[in-house]
Amino acid sequence: PAAEQLTPAQLGGLAEESLQLMSKLKDSSSSCAVDVSAVWWEVAGSRELCVVTACEGSVSLWTPLAADAWGKVYTWQLGEMAVIQIVPLPDACNLMCVALGDLEIAEIRWLLLYSSENDSFKQSLLRSGNIKAVLGLKARRVVSSSRTACGQQVEVVSLSETGRSRDGRTLMPPEETVLGFAEVEGLQDALVGTTAANGVVVWNLRTGQLLRKMHLGYSYPASVCHRAYSDSGLLFVVLSHPHAKESESCRNPAFRVVAFNPKTARSTGVVFSSLPAGHAGRRGDVRDACAAAVLTSGAVAVWDLQLGHCTALLPPGPQGDWALARWATTPGCLLAGQRDGTVCLYRY
Amino acid sequence: CGESDLGPISLKWFEELSAEAPS
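Protein chains in written order, with this note's numbering: chain A, 2 to 349; chain B, 203 to 225.
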């Protein structure tokens, strides 16, 4: 059904109450918003959580002002290539990355928000090529997979506080193209990837070893990993299924948590989170046990991945459909964006 | 180590796989 046809009854008790609007910003110069994220910005000992918005040719930094208002601090012009996604660095301050390209990522650039060394905003090329997936890791590292004439390259690059790349390490690549990454919580040196052939691979980040290749089966195509954690000898991986469709059963979930025994490569589904009735899915975003995704109806859905069901649905507003949904780095803060550059911050 | 339908589980799976995998 069209989004405006959704009623509280159709939402099955889901309500907007669990999403409380905190503030709103509008980038009036934005031609077409493509991504939104949050970043820590520290100047002269004062640290603030800021919003970063990306439109096709530029990325802007917004800081909170008084009375729930936001002010644009700086805009990086990124040249001829279009922005594809913002790549936040989870525990970094004053530093983030951005992926640029046409249909696929051709460049990763780092953006420096502030440096006491030179009091300036900078940008520089971190990596170029036929890049298939990129993720910002803890300790100012960036992992990416790319296709080269010799096969696939999976590389981790470390950045200094002022952005300059310090060193790189190549991880042993699997045969299949890696399309997603997730750091493994609870294991400092472990990294998980999902492949185009529906595989889950595990690396040792310190040694570069490819430790295990495990298969997800073909029941759930196009799985992308968002989060991984190790507990009680098992590896739990949170996967999304961007092309999931509405289903009456759990055969086609938007998200699922799968437990792997890395020793035997056997796996079992733990929790399935289905789409709300009448909606089809898109790629989502996961933080802790919360998942969010923009649906093809233009609504934003939020799931509790422990309960395995949708807990909130944000229908399209009067201005139009939602286009972006990302969790901020602080818990319980959802950034929802529209194509016209409007970004709403919700407390969940 | 424990037993389940996922096979024998080891709390030190990461260290063990790192010791076994080619480098």
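Note that CB positions come from ideal geometry on N, CA and C, so glycine has one too.
Extent of the continuous beta strand (DSSP E) run through residue i
i, result
"E105(A)", "Where E105(A) is concerned, there is no enclosing beta strand (DSSP E), given that its DSSP letter is neither H nor E."
"F122(A)", "That residue, F122(A), is in no beta strand (DSSP E); it is neither H nor E in DSSP."
"W215(B)", "No beta strand (DSSP E) contains W215(B), which is instead part of the alpha helix (DSSP H) from W215 to E222."
"A34(A)", "A34 to V44"
"Y75(A)", "W71 to Q78"
"P65(A)", "S59 to P65"
"M215(A)", "L211 to H216"
"N205(A)", "G200 to N205"
"D232(A)", "V225 to D232"
"A337(A)", "C334 to G338"
"D168(A)", "S166 to L172"
"C51(A)", "S47 to C56"
"N262(A)", "F256 to N262"
"A25(A)", "Strictly speaking, residue 25(A) in this sequence is Lys, with Ala absent from that position. K25(A) -> beta strand (DSSP E) spans Q21 to K27."
"I211(B)", "Where I211(B) is concerned, there is no enclosing beta strand (DSSP E), given that its DSSP letter is neither H nor E."
"D305(A)", "V301 to D305"
"C345(A)", "T343 to R348"
"R142(A)", "R142 to T149"
"L160(A)", "G152 to L160"
"G285(A)", "G285 to R288"
"E186(A)", "V179 to E186"
"Q86(A)", "A83 to V88"
"G194(A)", "A191 to T196"
"S1(A)", "Any answer about residue 1(A) is impossible in this case: the structure gives chain A only from 2 up to 349."
Within 8 Å, strictly: CB atoms of residue i and residue j
i, j, result
"R141(A)", "L127(A)", "no"
"A255(A)", "V301(A)", "no"
"A67(A)", "R340(A)", "no"
"S166(A)", "L172(A)", "no"
"A39(A)", "T330(A)", "yes"
"L273(A)", "R257(A)", "Here residue 273(A) turns out to be Phe, not Leu, going by the sequence shown. It is a contact, given that the beta carbons lie within the stated cut-off."
"Y347(A)", "L22(A)", "yes"
"N95(A)", "S125(A)", "no"
"V60(A)", "V37(A)", "no"
"V287(A)", "R228(A)", "yes"
"V185(A)", "L235(A)", "no"
"P91(A)", "G137(A)", "yes"
"E43(A)", "P65(A)", "no"
"C56(A)", "S31(A)", "yes"
"R148(A)", "G209(A)", "no"
"L276(A)", "V303(A)", "no"
"G164(A)", "K123(A)", "yes"
"V135(A)", "V143(A)", "yes"
"C226(A)", "A183(A)", "yes"
"A223(A)", "H242(A)", "yes"
"A45(A)", "M82(A)", "no"
"N131(A)", "E105(A)", "yes"
"N262(A)", "S220(B)", "no"
Unbroken alpha helix (DSSP H) run spanning residue i, endpoints
i, result
"A293(A)", "Not the alpha helix (DSSP H): A293(A) falls in the beta strand (DSSP E), residues C291 to V295."
Contact list for residue i against chain B, beta-carbon separation under 9 Å
i, result
"N199(A)", "Result: empty, since nearest Cβ-Cβ is about 19 Å, beyond 9 Å."
"Q210(A)", "L219, S220, A223, P224 and S225"
"N131(A)", "The contacting residues do not exist; N131(A) stays about 26 Å from chain B at best."
"A260(A)", "L208"
Presumed contact (8 Å Cβ cut-off) between residue i and residue j, rounded CB distance
i, j, result
"L180(A)", "A197(A)", "6 Å"
"S231(A)", "G194(A)", "With a Cβ gap of about 15 Å, S231(A) and G194(A) do not count as contacting."
"V88(A)", "C98(A)", "4 Å"
"P175(A)", "G152(A)", "Not really, about 10 Å apart at Cβ, beyond 8 Å."
"L315(A)", "W328(A)", "With 8 Å as the limit, L315(A) and W328(A) do not qualify as a contact, their Cβ atoms being about 14 Å apart."
"S19(A)", "T312(A)", "6 Å"
"W77(A)", "W71(A)", "At roughly 17 Å, the Cβ-Cβ gap does not stay under 8 Å, so W77(A) and W71(A) are not in contact."
"S212(B)", "E218(B)", "6 Å"
"H310(A)", "L296(A)", "Rounded, the Cβ-Cβ distance is 15 Å, inconsistent with contact."
"A290(A)", "D305(A)", "6 Å"
"D69(A)", "S24(A)", "4 Å"
"T178(A)", "S146(A)", "7 Å"
"A292(A)", "G285(A)", "5 Å"
Under 7 Å from the C-beta of residue i: neighbouring residues of chain B
i, result
"R213(A)", "L219"
"P263(A)", "W215 and L219"
"N205(A)", "S220"
Chain B contact residues for residue i, given Cβ-Cβ distances below 8 Å
i, result
"R267(A)", "D207, L208 and G209"
"L235(A)", "L208 and I211"
"L188(A)", "F216"
"A83(A)", "The premise fails here: A83(A) is roughly 39 Å from chain B at the closest Cβ pair, so nothing lies under 8 Å."
"A140(A)", "Neighbours of A140(A) on chain B: none; closest Cβ ~18 Å, over 8 Å."
Residue-level contact to chain D via CB, residue i, 8 Å cutoff
i, result
"A191(A)", "Here the protein chains are A and B, and chain D is not one of them."
Note to self: Would you call the region 199-219 of chain A in contact with the region 261-274 of chain A, where contact means no fewer than 3 C-beta pairs closer than 8 Å?
What the structure shows: yes
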